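Enquirer: Take a look at this one; I'll ask things after.
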Amino acid sequence: MDFRAYREFETATDKRQFHDLMSADWAWEQSDLIAEDVSTHGSAFVPIVLGSDKTTVSVATGQNDFYPLYLSVGNVHNNVRRAHRNALVLVGFLAMPKTTQEHASNVDFRSFKRQLFHTSLSGILQSLKPGMTTPEVVRFGDGHYRRVIYGLGPYIADYEEQVLLSCIVRNWCPNSWSHS
Numbered sequence: 001m002d003f004r005a006y007r008e009f010e011t012a013t014d015k016r017q018f019h020d021l022m023s024a025d026w027a028w029e030q031s032d033l034i035a036e037d038v039s040t041h042g043s044a045f046v047p048i049v050l051g052s053d054k055t056t057v058s059v060a061t062g063q064n065d066f067y068p069l070y071l072s073v074g075n076v077h078n079n080v081r082r083a084h085r086n087a088l089v090l091v092g093f094l095a096m097p098k099t100t101q102e103h104a105s106n107v108d109f110r111s112f113k114r115q116l117f118h119t120s121l122s123g124i125l126q127s128l129k130p131g132m133t134t135p136e137v138v139r140f141g142d143g144h145y146r147r148v149i150y151g152l153g154p155y156i157a158d159y160e161e162q163v164l165l166s167c168i169v170r171n172w173c174p175n176s177w178s179h180s
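The opening residue of the sequence shown carries number 1 in UniProt numbering; numbering runs sequentially from there.
Here it is in structure tokens:
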């Protein structure tokens, strides 16, 4: 686990190497912002990594598609997160309304679906919001207590959820302004 952002370079070529989220420029920039603020100076940056994916359940519930939302902290090394060594937690299920085919392309329904998705995310993450501006004291896995500032980091999702998250038109690129 990384308690601070870092930059690593290859010795022979002096080329920058990226291994985990805390080695990225974004984590470094966020740490700089925390250090510049007198009220948060000295706090550890804890990026929140979210992920969701539609899961189909074969139980006759009437709503067979579920959208579990998973959370991990970006301070954890990638090899630990991949190995599922308790670095990933299910924090909730996102509400996704179902409709008939004739109403699926209705502008009002699609707007409602986007609003419900974002409102669900907001509600689930509400308890983290105060810790994004005011340091919280948290006990880490090594047994030490640290002041932390949370920040929303990457959201891992397939294309359908990326479209929903970024509020774009399908077949457009959610990461830029270009059409596919």
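Glycine included, each C-beta is placed from N, C-alpha and C at the ideal position. Here the structure is a predicted model, which is why all the values come from computation and not from measurement.
Where does residue 108 sit, in a helix, a strand or coil, going by DSSP?
Expert: Here residue 108 sits in helix by DSSP.
Enquirer: Here's the rule: buried if 16 or more other CB atoms are within 10 angstroms of the residue's CB, otherwise exposed. What is residue 79?
Expert: With fewer than 16 other Cβ atoms within 10 Å, it is exposed.
Enquirer: So, do the stretch 119-133 and the stretch 145-153 have three or more beta carbon pairs nearer to each other than 8 Å?
Expert: With the cut-off at 8 Å, the stretch 119-133 and the stretch 145-153 touch.
Enquirer: Quick one: what does DSSP say residue 36 is sitting in, helix, strand or coil?
Expert: Helix.
Enquirer: Using the Cα positions of residue 65 and residue 16, report the straight-line distance between them to the nearest angstrom.
Expert: Residue 65 and residue 16: Cα-Cα distance of roughly 43 Å.
Enquirer: Looking at residue 18 and residue 24, is the spacing between their C-beta atoms short of 8 Å?
Expert: Closer than 8 Å, so yes.
Enquirer: Beta-carbon separation of residue 54 and residue 67 under 8 Å?
Expert: Yes, the pair counts as a contact, with Cβ atoms nearer than the cut-off.
Enquirer: Does residue 180 come out as helix, strand or coil in the three-state DSSP assignment?
Expert: Bear in mind that the predicted position of residue 180 carries a pLDDT of just 49, short of 50, making it too unreliable to give a figure here.
Enquirer: Contact between the stretch 28-38 and the stretch 82-96 is defined here as three or more beta-carbon pairs at a separation below 8 Å; is this criterion met?
Expert: No, the stretch 28-38 does not touch the stretch 82-96.
Enquirer: Quick one: grab the DSSP three-state call for residue 125.
Expert: Residue 125: helix per DSSP, three-state reduction.
Enquirer: DSSP three-state call for residue 3: helix, strand or coil?
Expert: The answer is coil: DSSP assigns residue 3 none of H, G, I, E or B.
Enquirer: Tell me which same chain residues have a C-beta within less than 7 Å of the C-beta of residue 158, skipping the five on either side of it?
Expert: The residues are 53.
Enquirer: Run the CB neighbour count on residue 20, radius 10 Å, all protein chains shown included, and call it buried at 16 or more, exposed below.
Expert: Residue 20 is buried by the Cβ-count criterion.
Enquirer: Which word fits residue 57, buried or exposed, when buried means at least 16 other C-beta atoms lie within 10 angstroms of its C-beta?
Expert: So residue 57 counts as exposed.
Enquirer: So for residue 71, helix, strand or coil by DSSP?
Expert: Residue 71: strand per DSSP, three-state reduction.
Enquirer: According to DSSP, simplified to helix, strand and coil, what is residue 10?
Expert: Coil at residue 10, not helix or strand.
Enquirer: Once DSSP output is grouped into helix, strand and coil, what is the label at residue 25?
Expert: In the structure shown, residue 25 sits in a helix (DSSP, three-state: H, G or I).
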